[in-house]
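Counting with this note's numbering, you get residues 1324 to 1954 for the letters of the sequence shown.
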Amino acid sequence: MYLRSDLRYGDDDPLSWPQPYVPQYCHFPIIRSVLLNPSDSHPDAPLYWLPSKTDFYEADSAGECRGPGFLLHHKFAWFQKRVDKTVECGKGTTFSKGAEDLKRSYTVLLHDLLERLQHLPMSLEKVQLSVRETQRVVLYLQALIDYMLIYKPRMDTAADSSVSRKADPELMGAFTNDAQIAQCLFRAGIPVWIVRHVDQLPNIRIDKTDHFQEPHLFMPLDQHRTKFHPIFKGHGLTAEKYYAFDRFTRSHVRFPNVFTWMQSTGSLPLVNPPIPAPPLSLVSSRKGRKMSPYSRQSLNNNSSSSSKLFVDRTPAHSFLPPVVAVWGQGLSTLVFDKSRCIGPVGAKPRGYALPPPSCLTTAENPLKIQMMFKFWLRIRVPMIARLSSTFYTPALMDQNSWKTLVSLDYLGMASKQESSDTKAAKRQERMREFLKGCCDEIEMDLGIAEKESVLWRGKPYTELTAADHQEIVWEISELEFRLELAELDQMMRVATPNHDTARETAVSRCFAGPITVADVGSANMGFAHPNWFDRAPYLCSLRRLMQTWVGQKPEIIAKDRTSWLWTETEIRQLETEMTEYYVDTFFLHFGRPPVLPRYLPHNPRTSFIPLPRIQGQTSMPNVHADISKWE
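Given below as structure tokens:
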């Protein structure tokens, strides 16, 4: 099953055509039938609208690349208003546990999809696809609400022959060969078609025959011009089809597999790449070492180990936001011995998907630093846009290669012998190589690199302050940190046969907003919040994530607690040991230190509302009630 030209699944799509009844998705027959060409004034028009070029504008990157952009502001507001209407309807009701969990899952997913549409630059086709997937989740949520409030009570009520309900023609309905299910749907007023085996035909009285309605008269069945890979291969009568649709929808709020090892066929990334066994020398050296908690004293008493402790020699700069202190302390405990690394990364460390934070600030010449920042702002939109697709794997580069890339304008200025056309051609060739795999969405525009209209959040570069430069670096650093955490989790978690969508939600809970959107307004939230109590929910979410990682872990992470309450001292101990464990584990699998969370010494100009979380209630003062297990 694959996406058709309208970015739906044709007659296999529960939004477009009645489907076989599946108990796990019993609310799908309640989905409203498709509105064909509704006017903009229709209240449900946003749920069936597909953006066109006139609804889209390209982001002003002032660079060599064109293509990524956003929905027009008034169109996004129009769409968001309709989504919020359904979300608010759901907030006013409370269902049984299973339905309540599903409602909350839809609500969180809608929040992330809208944030992505509003803040993440994408090509027009990706915007259209994101709108379609958002519409899908809204219609699922509305169907769930209607099912629980209206139709399920009718089904649960004893049959009353005096009550006669006609099937609601605005509902999608379902096919079934189960007479009991057909009776329940009929009693509730839901359209239902009973499918009988041909062997039963001689025993069935036929009062009337009619023509089937052909799907091609109501929906496009031709393949989309992008020719997306098949979303599902298998029997269309099972729940696995809907699991595949759900995985695809949720793939829009996660990063592509930037670092994951590829299959030998070179097609799709492995869901959970195998972890090679560590060298025997490493195993024997660790036998006597207690991992729960880390023994700092043993490091200090071992001269050979202490001599290999990592020392961060990144020079301070007014444009470089500081690392969150406890994470920096965790980095200082790293034993920087590449013989400890697992697999080939010891000899060749994994690269970076974005420039390392210090890349833009480590230069003696202030002019070079300014030109590197300007060049980054020119390529920022396509560099971030390439992370918005799970259909290709963005290229990785080491720190020196990244520095060379962002220094292209400065190096070109220093080369007096080459013409401006030659310099532009070289620059574009480098960009084209870097954007390999997504050049069909991001176009190269010759000569535009000479523009001076470089902006940061609507502000001309000539007016940027040191605080603005810190925000630029923070965004790069935060996105890279999130990419690395998500990928390390993919490597370390216990393998499962199917992709676990709940896992992606678990990773997202470690942050104040959608994982793919690093909003500057959230810079001092989450792991960077100055108050331990406000950091605690995110730290406990990270602990829950790490508990499922393979291998030895500090006891404070590995062992289940008898109490769900955490004091400030316990949270700070958890934070310390968890950062040390993260840094060490990352080094073993990537061959280099990780990019760490940073904070801004100033208050960002933009406000940010973090994603709402369920709060644990306790009468005890100065303790955090950890409910991450039940989120």
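Each residue gets a CB set at the ideal place from its N, CA and C atoms; glycine is no exception.
(request) Please classify Gln1536: is it buried, with 16 or more other beta-carbons within 10 angstroms of its beta-carbon, or exposed? (result) In the sequence shown, the residue the question calls residue 1536 occupies position 213. Looking at its Cβ environment, which holds fewer than 16 other Cβ atoms inside 10 Å, Gln1536 is exposed.
Check your understanding: In this structure, what does DSSP give as the bridge partners for Met1445?
Key -> Counting from 1 along the sequence shown, the entry for residue 1445 is found at position 122. Its beta-bridge partners are Gly1392.
### Message
With H, G and I counted as helix, E and B as strand and the rest as coil, what does DSSP make of Phe1402?
### Response
Within the sequence shown, numbered from 1, the residue matching residue 1402 stands at position 79. Correct three-state label for Phe1402: helix.
query = Excluding the five sequence neighbours on either side, which residues of its own chain have a C-beta within less than 6 Å of the C-beta of Arg1528, listed in chain order?
reply = In the sequence shown, the residue the question calls residue 1528 occupies position 205. Hits under 6 Å: none found.
Problem - Environment of Gly1849 [buried if 16+ CB atoms lie within 10 Å] - result: As a position in the sequence shown, residue 1849 is number 526, starting the count at 1. It counts as buried.
Checklist line | Short Cβ contact (8 Å threshold) for Val1649 with Asp1435 | finding: Translated into the one-based positions of the sequence shown, residue 1649 becomes position 326. Translated into the one-based positions of the sequence shown, residue 1435 becomes position 112. Not closer than 8 Å, so no.
Problem - For Met1814, the three-state DSSP class (helix, strand or coil) - result: By 1-based counting over the sequence shown, the position of residue 1814 is 491. In the structure shown, Met1814 sits in a helix (DSSP, three-state: H, G or I).
Whole-angstrom distance between Asp1501 and Asp1955, CA atom to CA atom: Residue 1955 lies beyond the stretch modelled for the chain, which goes from 1324 to 1954, so this question has no answer here.
With the cut-off set at 8 Å, would you say Leu1888 and Met1943 are in Cβ contact? Taking the first residue of the sequence shown as position 1, residue 1888 is located at position 565. Taking the first residue of the sequence shown as position 1, residue 1943 is located at position 620. Yes.
Beta-bridge pairing of Thr1499 - partner residues as DSSP gives them: On the sequence shown, residue 1499 is found 176 positions in, with the first residue counted as 1. Paired residue(s): Ile1517.
Can you check which of these residues, Val1843, Val1777 and Ala1676, is closest to Ser1930 by C-alpha distance?
Position 607 of the sequence shown, counted from the first residue, corresponds to residue 1930. Comparing Cα positions, the closest option is Val1843.
| Hey, would you say Leu1433 sits closer than 8 Å to Val1410, going by beta carbons? | Locating residue 1433 in the sequence shown gives position 110, where the first residue counts as 1. Locating residue 1410 in the sequence shown gives position 87, where the first residue counts as 1. It is a contact, given that the beta carbons lie within the stated cut-off.
Problem set entry | 7 Å CB neighbourhood of Ala1859 in its chain, flanking five on each side removed | Translated into the one-based positions of the sequence shown, residue 1859 becomes position 536. Counting only Cβ-Cβ distances below 7 Å, and skipping sequence neighbours, we find Trp1889, Ile1894 and His1947.
Less than 7 Å between C-beta atoms, sequence neighbours within five positions excluded: which residues of the same chain meet that for Trp1797? For the purposes of this step, residue 1797 is taken as residue 474 along the sequence shown, with counting starting at 1. Closer than 7 Å at the Cβ level, and outside the excluded window around Trp1797, lie Pro1644, Val1843, Ala1846, Arg1921 and Leu1923.
message = I need the straight-line Cα distance from Leu1808 to Cys1664, nearest angstrom please.
response = The residue you call residue 1808 lines up with position 485 of the sequence shown. The residue you call residue 1664 lines up with position 341 of the sequence shown. Cα-Cα distance, rounded: 18 Å.
Just to confirm, are Leu1719 and Ala1676 a CB contact at a threshold of 8 Å?
To locate residue 1719, count along the sequence shown from 1; it is residue 396. To locate residue 1676, count along the sequence shown from 1; it is residue 353. Yes, Cβ-Cβ distance for Leu1719 and Ala1676 is below 8 Å.
- Query: If you compare alpha carbons, which of His1442, Lys1404 and Ser1364 is closest to Ala1708?
  - Reply: Here residue 1708 refers to the residue found at position 385 of the sequence shown. If we check each option's Cα against that of Ala1708, His1442 comes out closest.
- Across which residues does DSSP place Ser1948 in a beta bridge pair? Against the sequence shown, residue 1948 aligns to sequence position 625. One detail in the question is off: residue 1948 reads as Ala in this sequence, not Ser. Beta-bridge pairing links Ala1948 to Leu1888.
Own chain residues within Cβ distance below 8 Å of Glu1493, not counting five before or after
Numbered from 1 along the sequence shown, position 170 holds the residue referred to as residue 1493. Closer than 8 Å at the Cβ level, and outside the excluded window around Glu1493, lie Arg1355 and Ser1356.
Bridge partners for Met1720 per DSSP, in chain order? Here residue 1720 refers to the residue found at position 397 when the sequence shown is read from its first residue. Tyr1675, per the DSSP bridge assignment.
Give me the residue from Glu1878, Gln1870, Asn1945 and Ser1886 with the minimum Cα distance to Phe1856. The sequence position of residue 1856 within the sequence shown is 533, counting from 1. Residue Asn1945 is the option with its Cα nearest to Phe1856.
Nearest-angstrom Cα distance between Arg1878 and Arg1884?
Locating residue 1878 in the sequence shown gives position 555, where the first residue counts as 1. Locating residue 1884 in the sequence shown gives position 561, where the first residue counts as 1. Looking at the sequence shown, residue 1878 is not Arg but Glu. Cα-Cα distance, rounded: 10 Å.
Report task. Could you have a look at Thr1355 and say whether DSSP puts it in helix, strand or coil? Result -> Within the sequence shown, residue 1355 is the residue found at index 32, counting from 1. The displayed chain sequence assigns Arg, not Thr, to residue 1355. In this structure, Arg1355 counts as strand in the three-state DSSP scheme.
Does the Cβ-Cβ distance between Arg1867 and Ala1829 come in under 8 Å? For the purposes of this step, residue 1867 is taken as the residue at position 544 of the sequence shown. For the purposes of this step, residue 1829 is taken as the residue at position 506 of the sequence shown. Yes, the pair counts as a contact, with Cβ atoms nearer than the cut-off.
**Q.** Cut-off 7 Å between Cβ atoms - residues of its own chain near Trp1401, not counting five sequence neighbours on either side
**A.** By one-based count along the sequence shown, residue 1401 stands at place 78. Answer for Trp1401: Pro1369, listed in chain order.
- Task: Let me know if Val1873 comes out buried or exposed under the rule of 16 or more other beta-carbons within 10 Å of its beta-carbon.
- Result: On the sequence shown, residue 1873 is found 550 positions in, with the first residue counted as 1. It counts as exposed.
Using the beta-carbon count (16 or more within 10 Å), is Val1704 buried or exposed?
Mapped onto the sequence shown, residue 1704 falls at position 381. Flag for Val1704 reads buried.
- Task: Compute every distance between the C-beta of Phe1418 and the non-hydrogen atoms of the ligand NAP, then say whether any falls below 7 Å.
- Result: The model depicted lacks the ligand NAP and carries no ligand whatsoever.
Assigned secondary structure, Trp1699 (DSSP; H/G/I helix, E/B strand, else coil): As a working mapping, residue 1699 is identified with position 376 in the sequence shown. Correct three-state label for Trp1699: helix.
Cβ-based neighbour list, Leu1544, same chain, cut-off 8 Å, excluding 5 preceding and 5 following: For the purposes of this step, residue 1544 is taken as the residue at position 221 of the sequence shown. Taken in chain order, the residues that qualify are Arg1327, Gly1333, Asp1334 and Pro1538.
Q.
Tell me which residues share the same chain as Trp1516 and place their Cβ nearer than 8 Å to its Cβ, disregarding the 5 neighbours each side in the sequence.
A. Taking the first residue of the sequence shown as position 1, residue 1516 is located at position 193. Counting only Cβ-Cβ distances below 8 Å, and skipping sequence neighbours, we find Pro1341, Gly1496, Ala1497, Phe1498 and Thr1499.
Should the stretch 1413 to 1420 be called in touch with the stretch 1344 to 1363, which here means at least 3 C-beta pairs below 8 Å?
no
Practice item. Go to Glu1381, then tell me how far its beta strand (DSSP E) extends in each direction, as first and last residue. Key: Here residue 1381 is taken as the residue at index 58 of the sequence shown, counted from 1. Run containing Glu1381: Phe1379 to Glu1381, per the beta strand (DSSP E) assignment.
Original post:
In the DSSP assignment, what residue or residues form a beta bridge with Pro1343?
Top reply: The count along the sequence shown starts at 1 and reaches residue 1343 at position 20. Looking at the DSSP assignment, Pro1343 forms a beta bridge with Phe1498.
Item to complete: Would you check if the distance between the CB atom of Val1450 and the CB atom of Phe1379 is smaller than 8 Å?
Response: Counted from its first residue, the sequence shown places residue 1450 at position 127. Counted from its first residue, the sequence shown places residue 1379 at position 56. Cβ distance < 8 Å, so Val1450 and Phe1379 count as in contact.
For Gln1870, report the span of its alpha helix (DSSP H) as first-last.
In the sequence shown, the residue the question calls residue 1870 occupies position 547. Element bounds for Gln1870: Trp1855 to Gln1870.
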